[in-house]
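All residue numbers for the sequence shown refer to the working numbering, where the first residue is 8 and numbers rise by one.
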Amino acid sequence: MRIAGDYELDDDPGRLDLDVLWKFLSTEAYWGRWRTREQVEAAVAGSWRVVGAYERVTGRQVGFARAFSDGVTSAYLGDVFVVEDARGAGLGKEIVREMIDNGPGKDFRWMLHTADAHELYRQFGFEEHTKGRYLERDGVGREALR
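What follows is the structure in structure tokens.
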């Protein structure tokens, strides 16, 4: 566990509040509104690592990120968020730092798909790539992302 101001960051999956995750991902996340609660729970359970952000005084979960990985060379960062009333304190940056710089994947090649917060991710070395270098195939829910 690491302290970040009025918040603490923890990678214990048992501490996650799945109600907070489900509420945010199903109502506020442009990338996750199509997911069922069962899919959210399965994605979290299958994640290589999770990082939750919690208010130090109340223990309320206010942020999250997860990653999936082979555990050796590369990882994919996903579902990064901070709830609205906890934004503006740099917590998103601390969550990303904890996930990619302070954890067991600090030397991995990290990948990410996002339509927002590019400036945040650039601070950690993420770069946009030109067409032709990166290929993808959208899965279920792809219509919701367009």
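Using N, Cα and C, we set each Cβ at its ideal position, and we do this for glycine too.
For Gln68, the enclosing beta strand (DSSP E) starts and ends at 68-76. Taking the Cα of Ala74 as reference, the smallest distance to any Cα among Val27, Ala124, Leu119 is reached at Leu119. In the DSSP annotation of this structure, Val90 is not part of any alpha helix (DSSP H), being labelled neither H nor E. Relative to Gly70, the option among Glu135, Trp29, Asp108, Phe133 whose CA is nearest is Trp29. Of the residues Glu135, Gly132, Arg129, Val27, the one whose Cα lies closest to the Cα of Ala72 is Val27. A Cβ-Cβ separation of about 12 Å leaves Leu23 out of contact with Gly66 under the 8 Å criterion.
Asp24 sits in coil when the DSSP states are folded into three classes, being neither helix nor strand. If you ignore the 5 residues before and after Leu127, its C-beta comes within less than 8 Å of the C-beta of Gly99, Lys100, Val103, all in its own chain and listed in chain order.
Between Phe115 and Ser81, the C-beta spacing is below 9 Å.
About 6 Å separates the beta carbons of Ser76 and Gly112, which is inside the 8 Å limit, making them a contact pair. Listed as beta-bridge partners of Ser81 by DSSP are Arg116.
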